Structures are given as structure tokens and as C-alpha cells.
Amino acid sequence: MPADARRLLAILMSTGAGFAEVYRETTRRTSLALDDGDMDSASVVRDGGTALRLVQGDRTFFASANSDDPDLLQALARDLAATLKGRSRPAPDTFHHLPAPPATAVERSPADVTVDELVSLLRRADQAARKCDPRVSQVTARYLDSVQEVAIFNSDGEEARDTRVMTTLAVQVLARQGEDLRTGYEASSESRGLEMFDGTPPEDTAGRAARQALLQLEAEPAPAGTFMVVLSSRAGGTMVHEACGHGLEGDFAEKGLSVYTGRLGEEVASPLISVIDDGTLPRRRGTSRYDDEGVPTSRVVLIENGILKGFLHSRRSARNMGCSPTGNGRRESFRHLPIPRMRNTMIAPGTDDPEAILASVRDGIFIAHMGGGEVDIASGQFVFHCAEAYRIREGKLAEPLRDVTLAGNGPEILRTIDRVGNDIGFQVGTCGKDGQGVPVADAQPTLRIPAIVVGGAQAAS
Amino acid sequence: MSHGSRQPVEEALAAARPGEIIEAALEESFSTTVTVAGGVLEASENSRERGLGVRVFRDGRIGFAATSRLDGEGVAEAVARARDLAACGRQEDENRPADGAQTGETTGRGDMDHMPDPVPPAPLEEPALRLEEAARRRGNDLRTRAASVTAAGGRWLIAHSGGLRRAWSWRRAWASLEVVILRDGVRQTGWESDWSERWEDLSLEKTGAAAADQAARKFGAGRPPTARMPVVLTPTVTAGMFEALAGALSAKAVLRGRSLFAGRLGETIGSAVVTLTDDGARRDGFASAPFDGEGNLSRPAVLIENGVLTGFLHNTYTALKLQSPPTGHAVRDGFSTQPHIGSRNLLLKPSGPSRLAIIASVSHGILVDEVMGLHTVDPVSGDFSLGATGREIRAGSTGAPLEGFTVAGNIRDILAAVQAVGDDVRFLPGGAGGSTVLLDGLTVSGT
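The following block contains the structure:
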């Protein structure tokens with residue numbers, strides 16, 4: 000442990016803090032965008048800083064600076080310590096590492112790649128999208144990587160060091176037919192280096208974005224009203240993220256604010272539904288070895304066969320609910336306080352044949368691709384956006400529908416899901432909460448929801 | 000800014016080689032937040048920020064790099080990386096930095112260039128408690144997720160080796176709270192916020208009470224029938240919807256063929272009561288500053304006037320490309336992001352009536368209090384479909400609460416459907432302003 004971090008801990012503990020922490024981060028991010036075939040914006044950002052935290056009972060005192068100036072940091076530490084009036088405790092002499100899941104080996108670090116190579120990856124995406132159809136009018140391919148080095152030291156003598164490497168390709172495609180202009184968007188992102196493109200070539204991501212845009216040109220306005228809906232496993236997991244994931248984050252639960260508060264051990268979903276958040280899955284976008292409080296990540300069973308089993312915890316929410324932290328205390332950067340967040344959240348596969356689920360619906364809506372969503376955690380009201388959808392008629396896919404939002408109530412929808420497929424599909428995203436964005440993944444099998452509000456613009460006449 | 004703090008900017012500019020211009024933007028800022036819940040302090044946060052963004056303009060290409068390391072070596076590395084990236088950038092004559100010779104009147108505040116003194120956490124605790132107390136007084140079944148007061152401030156220095164030098168400081172405070180009322184096993188949320196230049200001027204009582212009232216009135220909510228009907232938007236919803244639309248008014252989106260408004264300048268795109276402006280210099284806006292993130296003067300942009308599309312939001316590049324005056328809409332989110340075109344103090348101009356008069360004019364419709372999923376509005380096609388919470392309007396008065404429904408349509412339909420824009424303008428923390436708006440018909444999806 001570096002002497003300067005120990006010095007900061009000693010200052011933070013000089014007035015009797017129950018818990019003190021020094022969080023250090025350096026991050027290097029590269030971003031390149033190929034817009035309409037030309038490099039449009041390119042940036043390299045070197046950012047980093049220190050966050051100091053002192054916890055006494057229910058009170059948290061926090062300071063951060065994007066500086067390694069010891070004088071400034073020590074002054075900030077003294078300001079924090081001055082808020083308490085207890086007896087000084089010595090900083091730990093030795094620090095130990097908590098056992099954590101193994102690191103994912105990074106074969107090709109973004110730090111070792113030339114700009115020319117990245118540009119050629121983007122060109123491959125661009126050309127693949129254009130090749131799909133002459134109606135593809137515009138392609139924006141964006142490459143992003145980040146290498147984040149984190150070191151955390153606390154007053155319990157715990158030390159955690161983690162290197163998080165993330166590689167992302169996002170492709171937006173515009174398709175035009177006359178005056179009609181439609182968008183398709185697709186992203187691939189994993190906690191690994193550029194070897195991600197060996198498994199998911201840029202052509203795949205770009206092709207999917209292009210097909211989505213083209214499909215929208217053919218699509219008819221979505222209907223408005225309440226319908227039976229089948230969510231395909233390839234639609235991703237936005238529904239589980241919004242319908243129950245946020246409500247199971249411990250900060251809402253510890254204050255009694257979540258719709259799931261006080262319901263541990265009770266049936267909160269159909270017995271067909273099990274929900275898991277797993278921060279240890281190799282290479283997934285929400286994976287890391289430690290969380291941003293130095294707690295090892297884990298596999299957390301949230302709902303098992305419909306019964307509520309647990310919540311996602313930071314150190315604070317775990318303490319207030321009398322359980323152990325789960326490795327879900329996350330922060331966007333050193334500028335923020337860690338709060339309970341999802342990582343890789345999924346509904347476990349069931350036993351139904353996905354084809355049979357589709358065939359079971361006489362009149363309904365089939366969702367093939369979900370986008371973003373939002374939830375009111377207290378009431379459980381949520382929405383999720385669907386970028387690719389079809390009408391189901393007599394058990395078969397019929398006309399494609401324009402992108403549309405579905406709205407429901409979390410516990411109500413989870414209780415009514417009556418068919419669960421034996422498949423599963425992942426999707427990546429950036430989850431926003433309290434002004435902090437963190438990388439996540441989510442997944443679902445094919446699901447049937449008997450009745451949910453479909454927010455089309457076409458009211459039946 | 001302390002003595003010698005301009006050093007990183009001077010060093011970056013001095014590194015310019017023949018044939019290139021280096022632009023450097025130095026940000027220094029602080030932010031102090033105090034959060035309370037249940038009548039006690041929960042967290043105090045104090046953040047300091049200092050960093051440099053560098054753009055190298057060379058042969059009609061641009062490269063960007065940013066660093067929080069402000070010693071000679073850190074600055075030199077940022078310049079070198081920006082120069083490397085410029086080599087692979089798109090080449091266009093219009094890729095130039097802002098014109099340093101621009102003159103004009105600016106009514107923006109805070110054009111002095113000293114760094115405001117950081118506000119310590121201690122004085123913010125009492126206002127945060129007062130904010131929460133105002134909500135708690137409305138009912139003993141109310142719990143607080145968080146009630147917080149933030150005071151922030153900072154300074155920007157933007158200069159380039161071609162002869163531009165701008166500096167200004169800013170100061171803002173905002174208060175927000177999220178409360179939950181638990182009644183008969185049902186939970187409902189209320190959220191409200193306020194901002195002002197100084198934390199001493201925040202409307203704490205009104206904001207706290209409004210959050211509590213918002214949660215309380217949702218109990219017993221049902222779902223409306225699926226139908227097309229008149230819809231009234233509250234100021235917050237109006238601001239959010241028009242901010243989502245602003246992406247399509249970016250001149251960059253227009254140039255790249257990514258806007259539904261491309262090629263429609265001078266055409267009627269909305270009803271006659273739609274006049275949409277964005278003035279980064281107006282005194283009462285959250286996003287006000289004398290200059291934008293490239294150092295252009297903030298000027299009023301008239302985007303839609305009496306229903307006719309009259310202009311777009313510009314940065315230096317799009318202004319040169321479309322031979323239009325720059326409007327001052329190059330926005331820098333912080334030192335580490337490149338300036339991009341964005342709205343600042345976007346505002347739909349009031350057409351006359353009060354909020355009450357607008358509601359009184361509706362015989363059968365819906366008042367939309369809150370929407371969910373604004374980030375899914377597609378500014379390319381203009382399609383939107385949003386989750387909503389609101390109230391019935393019957394014979395000119397608001398009635399039963401509604402939830403779990405959606406409103407959907409296309410931005411084009413919204414612009415054409417605006418019947419009245421209320422006089423209850425408010426600018427939200429973040430920028431956009433809005434007031435009560437009546438739309439003559441929107442598809443509501445419910446039971």
C-alpha cells in the first residue's frame with residue numbers, strides 16, 4: 000500500500016470514524032466515430048482522481064478531487080475528519096486482499112492498438128451496413144474503450160486492486176425511403192480487449208443495426224391498447240432490469256421505499272420466474288472482480304421460483320438490512336458515492352419451447368429487440384422501449400410494427416408471466432441512476448405476458 | 000483561479016506548430032451537496048475538478064484529447080495525442096476554431112473571470128432539512144428517499160493560438176427531493192426540484208410541498224381507456240419533450256441528413272402558436288453563460304417562429320458550413336468531452352393563457368403530470384411513445400388520477416397539435432424551459 004494513501008487513511012481516522020476509505024482511479028478512454036464514412040470525432044481522455052469517504056453511523060462524509068496533489072487531498076481529508084469529534088484510531092499497519100473471482104485475461108489491450116487498426120474496424124462496420132441495402136442512407140460507427148485502474152484501501156485493513164478493460168462498438172444506421180427516415184441501433188460491449196471482435200465481428204453488429212432500420216421502413220404503426228405479448232430471448236433483458244432489478248437494489252429497500260420492501264420469503268413473481276444478478280460471469284459488460292467499495296462480486300439469487308430471496312447490496316444497505324454486501328456497490332467514477340447497482344441481471348431459462356410459446360398466441364405482439372426503459376421504484380410502474388416488434392396472428396409472426404413502448408407494473412407483470420422459454424439472450428446497456436451511469440448487461444428467455452399496455456400511436460377506430 | 004493557474008492553457012497554446020491552431024479549454028469547478036433523510040444528515044459530498052481539453056486544428060482536421068494532469072508533461076502528452084488523432088480526422092475547410100474577432104452585445108451574467116469560493120457543506124444542511132420538512136409537514140405517512148441541496152461553481156478559460164481568449168465564471172445551486180408515501184400497502188413517488196444562482200435563494204418550502212403533493216394525488220389511480228383525446232402537458236413534461244426534439248434542430252444533424260427538419264427551412268412545421276427559441280445568454284436560464292464551449296458569443300436563436308422553421312442550433316463548424324451566424328450552441332459537458340451542439344435555454348414562447356384557463360378550455364381530456372422514457376424519443380424519425388402518469392380532465396377541471404398508460408405520436412404531430420402555450424414558464428435545472436401546453440389530440444393507450 001502506498002504511503003500517501005495510508006497517510007490519508009490516518010487523517011480520516013483521526014477523529015474516530017467507524018469506517019474510512021481511500022478510492023483511487025486512473026482511467027484512459029479512447030473514442031473514435033466514423034460518421035458517413037469519415038472520421039468525425041476522435042478523442043483520448045486521461046482522467047483520474049481520489050475519493051475519500053468517512054462513515055459514522057448513518058452519516059457519510061465524502062470528498063473527491065481529480066488531482067494527486069497530496070496537499071489538496073490531505074486538506075480535504077482534514078475537512079472530513081473535522082466533522083467528527085471522537086478519539087483517534089490508528090490506520091491499519093498491514094492490508095489484506097479479499098478473495099475475488101478470477102480476472103478475465105485480456106489478450107489485446109486497447110492500450111496496444113494503433114488508431115489505424117481501430118479505424119479499419121469502423122470501416123468494416125460501415126461497409127457491412129451499407130452493403131445490406133441501397134436504402135441505407137447513413138452509418139455512424141463508434142468505437143469506445145476504457146482501461147480503468149482502481150485501488151481501494153479501507154480502515155478494516157482491506158485492499159482491493161482491479162483493472163477493468165472494456166471494449167465497445169456501437170452502430171447507428173439510417174435507412175431512407177422517400178421522406179421516411181428510420182433508425183437502427185445495435186451495440187456490442189464486453190469486459191475484455193479487442194479480442195471481442197473475434198467473437199463478434201463488427202460486420203455482425205452493423206448488419207443487425209441495418210436490418211433493424213430497414214425493417215422500420217416496412218413497419219406499420221403499432222396499435223394502442225392492452226395485448227398479449229411474447230418477449231423473444233433475442234430481445235434482451237430490459238424488462239427484468241426495469242420490472243424488478245431496480246426495485247431489488249438495497250438502497251430503496253433499506254428505507255422501505257421499494258415495491259418489494261418487506262417481502263423477503265414471499266411470492267413476488269410467478270413460480271416460473273427466477274431472477275439472478277451475477278457480477279462474476281466472464282467477459283460480460285457488468286462484470287468485475289471487485290465492486291467500487293472493494294467487495295468481491297458474486298452471484299446473487301434475487302428471486303427463486305417466484306419467492307423473493309434477496310437484494311443487491313452496497314456496504315451501507317447491507318449493514319442497514321443486517322446482511323452481507325453482495326459486491327453491487329458501484330460508482331460511475333471517483334466523483335461519486337457508491338450505491339447499490341445491478342451488474343448482469345437475468346431471468347433464468349425455463350422449460351418451454353420458444354416456438355411453442357409463439358404458436359400459442361392467437362392475436363398479440365412479438366418483441367424481437369428491446370431498447371431503454373425506466374421505472375418508478377416505489378410504485379413499480381415501468382416502461383421499456385421496443386426497437387423491433389411484430390404483430391402475432393394465429394400463432395405466426397405477421398407485419399412488423401414501428402418502435403413502441405410497453406408499460407406495466409413490475410410485480411403485476413412478474414406474477415402474470417405464464418410461459419418461460421428454455422433459451423436465453425443477452426443485451427448490453429448503460430444504466431442511469433442518481434446521475435451516475437454504469438455498464439450493465441441483462442438477459443431473458445422467451446417469455447409470454449398475458450396482458451400489458453402497448454403504447455402505439457394507432458388507436459382502434 | 001489561483002495564481003499561475005492559466006499556465007496549462009499557455010503551455011498548450013505555445014506548443015502550436017506552424018500550420019496548426021491549438022485550442023485549450025481549462026475547467027476549474029467545485030460542487031458541494033448535502034443530503035438528508037428522516038430529519039438527519041445522510042451524506043455530505045464535496046468535489047473539486049480541474050482539467051484541460053485540447054483540440055488541434057490542422058489541415059482542416061480536428062483531434063481532441065483531455066487530461067486531468069496539468070503539469071508540463073501532462074499538457075504535452077495531451078497536445079501530442081490530439082495532434083495524432085487530428086491526422087486521421089475528417090478533412091473539411093470549415094473545421095476551424097471560433098473567430099476571435101467576434102464582437103457583440105451579450106447580456107450573460109458571470110462574465111467576471113475569478114473562481115468563485117467553494118461553498119462548504121455546513122451551511123447547506125439547514126436548507127436541506129427545511130426542504131424535507133416542508134414535504135413531511137404534508138403527511139406523517141411520507142418517507143424521504145433523499146432531499147438534497149447542491150451549491151456549485153467554477154470557471155472556464157477557453158483560448159486558441161489563433162487569437163481567441165475567453166474567460167467566465169459561473170455559480171448555481173439546486174435543490175431536489177424524492178419522497179414516497181405508503182398508504183394501505185401502496186407506494187407512490189413524488190419528485191420536485193428548484194434552482195437559482197445562489198443557494199440562499201432556493202424556494203425550499205414550495206419545492207418540498209410540491210413533491211409531497213405530487214405523491215399524494217396519485218393514490219387510487221386507474222388506467223384511462225385507449226383513445227385519441229386532448230392532452231395537457233405540465234411545464235416539466237413540456238420542457239422534457241421539447242428538449243428531446245432539440246436533437247433534430249441541431250445543424251449538425253441537419254447537415255448529416257439525420258433530422259426530420261432537414262431541407263424544411265422556411266416551411267410551416269407547426270401550428271401558428273409555436274415559437275421556439277434558445278438564447279444561451281438570457282438572464283433567467285439555467286444554462287446561461289456569455290460564451291459557448293468554443294468561445295462563441297451566446298446569442299438568441301429563433302428556431303421556429305409562428306409555426307415556420309426559421310433556424311437551427313449552430314457551432315462554429317455548422318455556422319461556416321451553412322453560412323449562418325454562430326448561435327453559441329457548442330456545449331461542453333466538462334473538460335473531458337468535446338464540444339457538441341446542444342440546446343441551452345430552450346423555450347416555447349407563451350401564447351397568452353394561464354394554466355387554469357388552458358385546463359378550463361378542455362371538456363374531456365388528460366393532464367399529463369409525468370412521463371417516463373424520454374431518452375427513447377427518436378429525433379430522426381420523430382416517433383415517440385412514453386409512459387405517463389396524470390389526471391383526468393372533465394368539464395374544465397382536473398379529476399381522478401391516472402397511471403400505467405402511454406402517450407404516443409410523432410414530433411411533427413405534436414408541433415401541429417399545439418393549441419395554447421401557458422404563461423407559467425419555468426426553466427428546469429439542466430436548461431430547457433416549459434409551460435403548460437394544450438395539444439388538441441394525442442393517442443392515449445390504456446385499457
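Protein chains in written order, with numbering that gives the first Met the number 0: chain R, 0 to 460; chain C, 0 to 446. C-beta: ideal position from N, C-alpha, C; glycine also. Only a predicted model underlies this, so the values are computations on that prediction, with no experimental measurement involved.
By alpha-carbon positions, which one of the options ends up nearest to residue i?
i      : options                        : result
H461/R : T167/R, P295/R, L180/R         : No statement about residue 461/R is possible, as the shown extent of chain R runs from 0 to 460 and does not include it.
T326/C : D382/C, R186/C, A280/C         : A280/C
G219/C : L401/C, L373/C, D368/C, D332/C : L401/C
A102/R : E219/R, V164/R, D203/R         : V164/R
P270/R : I306/R, L247/R, D362/R         : I306/R
T237/C : A211/C, H328/C, T309/C, L347/C : L347/C
D78/R  : A77/C, P119/C, V443/C          : P119/C
T344/R : G244/R, E253/R, L396/R, I364/R : G244/R
V138/R : D433/R, G206/R, F61/R          : G206/R
K130/R : M12/R, D203/R, T25/R           : D203/R
A392/R : L7/R, T286/R, V239/R, G363/R   : For the sequence presented, residue 392/R should be read as Arg rather than Ala. The shortest C-alpha separation from R392/R is found at G363/R.
G403/C : G421/C, A81/C, I410/C, G372/C  : G372/C
D92/R  : L75/R, A104/R, L8/R, R123/R    : L8/R
D464/R : H335/R, G321/R, A212/R         : Chain R is shown from 0 up to 460; residue 464/R falls before or after that span and cannot be answered.
Could you check if residue i is buried or exposed, using at least 16 other CB atoms within 10 Å of its CB as the buried criterion?
i      : result
K217/C : buried
R524/R : One cannot answer for residue 524/R here, as it falls past the ends of chain R, which runs 0 to 460.
V367/C : buried
H113/C : exposed
N304/R : exposed
P444/R : buried
V39/C  : exposed
S1/C   : Here the model assigns S1/C a pLDDT of 46, short of 50, so the residue's position is not dependable and the matter cannot be decided.
R154/C : buried
L355/C : exposed
N305/C : exposed
N94/C  : buried
N139/C : exposed
D68/R  : exposed
A15/C  : buried
P1/R   : exposed
A50/R  : buried
H384/R : buried
Q176/R : exposed
T106/C : No answer about T106/C holds up, because its pLDDT of 45 lies below 50 and its placement is not dependable.
Q90/C  : exposed
E293/C : buried
Since residue i is in the beta strand (DSSP E), which residue starts that stretch and which ends it?
i      : result
S188/R : 179-189
I391/R : 380-392
I346/R : 343-346
N409/C : 396-409
P449/R : 446-454
F333/R : Counting along the chain, F333/R falls outside any beta strand (DSSP E), and DSSP gives it neither H nor E.
A234/R : Where A234/R is concerned, there is no enclosing beta strand (DSSP E), given that its DSSP letter is neither H nor E.
Over what stretch of residues does the alpha helix (DSSP H) that includes residue i continue unbroken?
i      : result
G189/C : Run containing G189/C: none in the alpha helix (DSSP H); it sits in the beta strand (DSSP E), 185-195.
R28/R  : No alpha helix (DSSP H) contains R28/R, which is instead part of the beta strand (DSSP E) from 18-34.
Interface positions of the region 20-48 of chain R facing chain C (Cβ-Cβ less than 7 Å), listed along the chain: So the close ones are D34, D35, D37, M38, D39, S40, A41, S42, V43, V44, R45, D46, G47, G48.
Residues within the region 368-379 of chain R neighbouring chain C, beta-carbon criterion of under 9 Å: Along the region 368-379 of chain R, going in chain order, the ones with a CB nearer than 9 Å to a CB of chain C are G370, G371, G372, E373, V374, D375, I376, A377, S378, G379.
Length-filtered (4 minimum) alpha helix (DSSP H) runs lying within the region 293-367 of chain C: 315-320, 354-359
3-residue-minimum beta strand (DSSP E) runs that sit fully inside the region 35-120 of chain C, ordered along the chain: Within the region 35-120 of chain C, the complete beta strand (DSSP E) runs of at least 3 residues are 39-57, 60-66.
Chain-ordered residues of the region 249-261 of chain C with a beta carbon less than 9 Å from chain R: Look at the region 249-261 of chain C: the residues with a C-beta under 9 Å from a C-beta of chain R are R255, G256, R257, S258, L259, A261.
Contained alpha helix (DSSP H) runs [length at least 4] in the region 205-284 of chain C, N- to C-terminal order: If only uninterrupted alpha helix (DSSP H) runs of at least 4 residues are considered, those enclosed by the region 205-284 of chain C are 234-245, 250-254.
Residues of the region 204-237 of chain C with Cβ closer than 7 Å to any Cβ of chain R, in chain order: T225, A226, R227
Contacting positions in the region 58-90 of chain R - beta carbon closer than 9 Å to chain C: R58, T59, F60, F61, A62, S63, A64, N65, S66, D67, L71, L75, D78, L79, T82
Contact list for the region 388-410 of chain R against chain C, Cβ threshold 9 Å: Within the region 388-410 of chain R, the qualifying residues are R401, D402, V403, T404, L405, A406, G407, N408.
Within 9 Å of chain R by C-beta, residues of the region 278-310 of chain C in sequence order: Within the region 278-310 of chain C, no residue qualifies.
Residues of the region 63-87 of chain C with Cβ closer than 9 Å to any Cβ of chain R, in chain order: F63, A64, A65, T66, S67, R68, L69, G73, E76, A77, R80, A81, D83, L84, A85, A86, C87
Contact residues within the region 315-335 of chain R, judged by C-beta distance below 7 Å to chain C: R334
Contacting positions in the region 176-187 of chain C - beta carbon closer than 8 Å to chain R: V179, L181, V185, R186, Q187
Selection of the region 426-445 of chain C by Cβ proximity to chain R, strictly under 8 Å: T442, V443, S444, G445
Residues within the region 216-233 of chain R neighbouring chain C, beta-carbon criterion of under 7 Å: A223, G224, T225
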